[in-house]
Structures are given as C-alpha cells and as structure tokens.
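Below you'll find the structure, written out as structure tokens, and then a few comments.
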C-alpha cells in the first residue's frame, strides 16, 4: 500500500536492535485518517469473504481494528494480555512471547465473544516473529471459529513470522512488507 | 446519552463487588457503530473548544478514542502502562492505581507527542475512582498541555472520581452517569 510505505519512509525511524519506530503515527500517536485508508484497503482485499468479526490483541492493534471494523460493519474483539476480574466465566487462553517486552503473556478472550459461527479477520500492527498472530490463531482455533485471513500493517518480511503463519494456511495481507532496513534510515520494501 | 443508557440497561450486567460488566459492547467486544454515536456526541459537547489531540490510556479507551478522533479530525495518543523498549528518549511518567487489577502501574507518554501547544480531550471508558483520569491529567500537566475536558463513556456518579476530577477544574462530560446499581440488575441513571 503506497500510502503506508510513503509514511514509513517519511516518519519511520530505524533504531538499533532491528526496531522500526513508527510511534508518531501508528502505535503510540495514531493517525486515524491513515487508519481509515488502511481499513478500506483491507475491506477491498477481504471483500466477499463473509467477515463478521475482527479479532485483535491489545494494545496497538485496537485503534486500527476499530476503524477497519467500520468498513466491515462488524464488531471488534480484542484479546487481553492478562486476566482481569471483569472477565467472569470461561475464557479461551493461550500464551504469547513478546520480543519487545522480553516476557511471556497469558492472552485470553471470553468464550462469550468467539465461537464456531464466527468468520474472523485478524488485525495487528506488526508481523515479525509471528508470536502475537499465532496466539490469535490459537484462540480462534480453540473457539472453533473460521479465520478468513490476517490484515497486518507492517510485515518484516525478512523475519520468520510471515512464512510461519502462511504455512498454517492463513491468508496474510500486509499493507507494507519490509525487505530490509538499516540504521542509516534506508528502508526497502518487497 | 439515551442510546448508551439504553444499551447499558439492555446488555450491561451488574456483578458482585460493584462491577458493571459491559464487555459485550464497550471494552472487550466493541460495537463501533455505538462508538461513532458517542464520538459525535463528544464532538457536539466540545465543539469550538479547539481540541487538537485526544489523549487516552490503554487498552479499553483506545477504540472509542480513535473513532471520536474522526469527528475531531485530530490524532490520538494513548498512554502506555509499562515502558517498552520501543519508546526511546524521554517520557512523561506518572503512576496509576488500578482497582480492577489490584496493582499500581507506571504510565508513560513520549515527550514527542504531548506539549504546551496541545489542547487535549481526555477519553476513557469508565470514571469511578478517577485514578486513570487523574493519571492522564498528571501527564498533560507535566507536558504543559491544556486540558479542554474529559469525555467519559460511563461514570459511576456515586463514586468519588467525578467530584475529584471536577474539583481540579476539569470539565467532565460523561455520556451515562450511574446513580446506583444493584446485583438484581437494577441500574438507575442520574
């Protein structure tokens, strides 16, 4: 998606440790007009697939998922990283390793909001190692839901996550696929 | 706001321990068409106040903040509950007690995205003890930003948060103000 690639080139910052900082527009400060364009693009890509729910994971995926849901006319469910008292009853549960935070999270979704009748679009901001997206797939599988595909904002295509998820038979549509990047600011897209 | 009160009466569940469970439409599964109506209402209430940025806190506030931002044509910044490696440089930092999780969080915002030129609308899903909203006020004050007001989805008006925040001189607009609720499901609004 040209608009997103241009924005990454303009405002993304490559930091040491293979970090692409896009927090001026994507995952700390959020440009909702960009999210609207991204939502329309995912809708174009997954149109006619019968998506009835979007599943994402807190926190960075929530904003873009909600705005994408406007195009799909469906609700959003976000998986929570820790159990809270407010989720009563039964939950689906899996574990996700966060490379950013260097720890493993329990990730849960209430059984009330995912089930065999659901046709899910998974949404997240980044796909690198594939840990978060694998966790969402686990939750969908536990619920017996159908995964129509995954809409990703930025895929680090040189990391194993994309291949891992696609090898599980999931259609992944990443709006920007990074082939390589270097700390002098050079970002090459696929 | 009648639409939100009706929805709370219809789908909200009162649980023991003064918990109002609205996670079927507000803060786990999210009804984005309801968020659109809420965003338009906050826009009506704060129209002409020069809001140039919405500040919220992860995770439950993010969805409604992003959709409200479409009405205000401004970006959203969300305060993060733990420091991540991806936030380089300087941050504003305060602490927030979570009564839901029974712990105290560090809450941070990058100094790059809040400053003296900002006129902020604070958005959050609940106002009860006022802890989260006080944290957002602290961050705004540290940044030297102007707080135009706070847009809250549900205020438990019988708890001290609303009075606490209003006594700090902040205009608080809560779309549903609960006067009392009981475990037999009776919810009374102000």
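Residue numbers (the numbering used here), protein chains in the order written: chain A, 1 to 190; chain B, 1001 to 1190. We treat Cβ as the ideally placed atom computed from N, Cα and C, and that holds for glycine. Note that the coordinates shown come from a computational prediction; the quantities given were computed from them, not determined experimentally.
Check, Outcome
"Which residues share a DSSP beta bridge with residue 149 of chain A?", "A/121"
"Considering residue 53 of chain A, what are the terminal residues of the beta strand (DSSP E) in which it resides?", "53-57"
"Quick one: measure Cβ to Cβ for residue 1029 of chain B and residue 77 of chain A, integer angstroms, because I've assumed they're closer than 8 Å.", "5 Å"
"What is the rounded straight-line gap between the Cα of residue 1095 of chain B and the Cα of residue 1169 of chain B?", "21 Å"
"Candidates A/158, A/132, A/159, A/144: which alpha carbon is nearest residue 151 of chain A's?", "A/132"
"Let me check understanding here. Comparing Cα to Cα, which of B/1118, B/1163, B/1119 lies closest to residue 1130 of chain B?", "B/1163"
"Between the region 25-45 of chain A and the region 1017-1034 of chain B, do three or more beta carbon pairs fall short of 8 Å?", "no"
"According to DSSP, is residue 1090 of chain B part of a helix, a strand, or is it coil?", "coil"
"Within the 7 Å Cβ cut-off, does residue 62 of chain A reach chain B?", "yes"
"In the structure shown, what three-state DSSP assignment does residue 159 of chain A receive?", "coil"
"Residue 65 of chain A and residue 57 of chain A - do their beta-carbons sit closer together than 7 Å?", "no"
"What does the Cβ neighbour count give for residue 1002 of chain B, buried or exposed, with the cut at 16 atoms within 10 Å?", "exposed"
"Roughly how many whole angstroms lie between the Cα atoms of residue 1033 of chain B and residue 1004 of chain B?", "11 Å"
"Rounded to the nearest angstrom, how far is the Cβ of residue 1145 of chain B from that of residue 1115 of chain B, given a contact under 8 Å?", "6 Å"
"Could you give the first and the last residue of the continuous beta strand (DSSP E) run that contains residue 1072 of chain B?", "Element bounds for residue 1072 of chain B: not the beta strand (DSSP E) but the alpha helix (DSSP H), 1060-1072."
"Residues bridged to residue 127 of chain A by DSSP?", "A/155"
"Quick one: grab the DSSP three-state call for residue 81 of chain A.", "coil"
"Looking at the structure shown, is residue 105 of chain A part of a helix, part of a strand, or coil, going by DSSP?", "strand"
"Taking its Cβ as the centre, do 16 or more other Cβ atoms sit within 10 Å of residue 38 of chain A, making it buried, or is it exposed?", "buried"
"Count the other CB atoms within 10 Å of the CB of residue 1155 of chain B; is the residue buried (16 or more) or exposed (fewer)?", "buried"
"Going along the chain, which residues of the region 113-126 of chain A sit with their C-beta nearer than 7 Å to a C-beta in chain B?", "113"
"Along the region 1023-1037 of chain B, what residues have a CB closer than 9 Å to any CB found in chain A?", "1023, 1024, 1025, 1027, 1028, 1029, 1030, 1031, 1032, 1033, 1035, 1036"
"Could you confirm whether any beta carbon from chain D is found closer than 7 Å to the beta carbon of residue 1077 of chain B?", "You won't find chain D in this structure, because its protein chains are A and B."
"In terms of alpha-carbon separation, which member of A/189, A/160, A/157, A/99 lies closest to residue 17 of chain A?", "A/99"
"Output, in chain order, the set of chain B residues within a Cβ distance shorter than 7 Å of residue 69 of chain A.", "1032"
"Could you tell me whether the Cβ atoms of residue 52 of chain A and residue 119 of chain A are closer together than 7 Å?", "yes"
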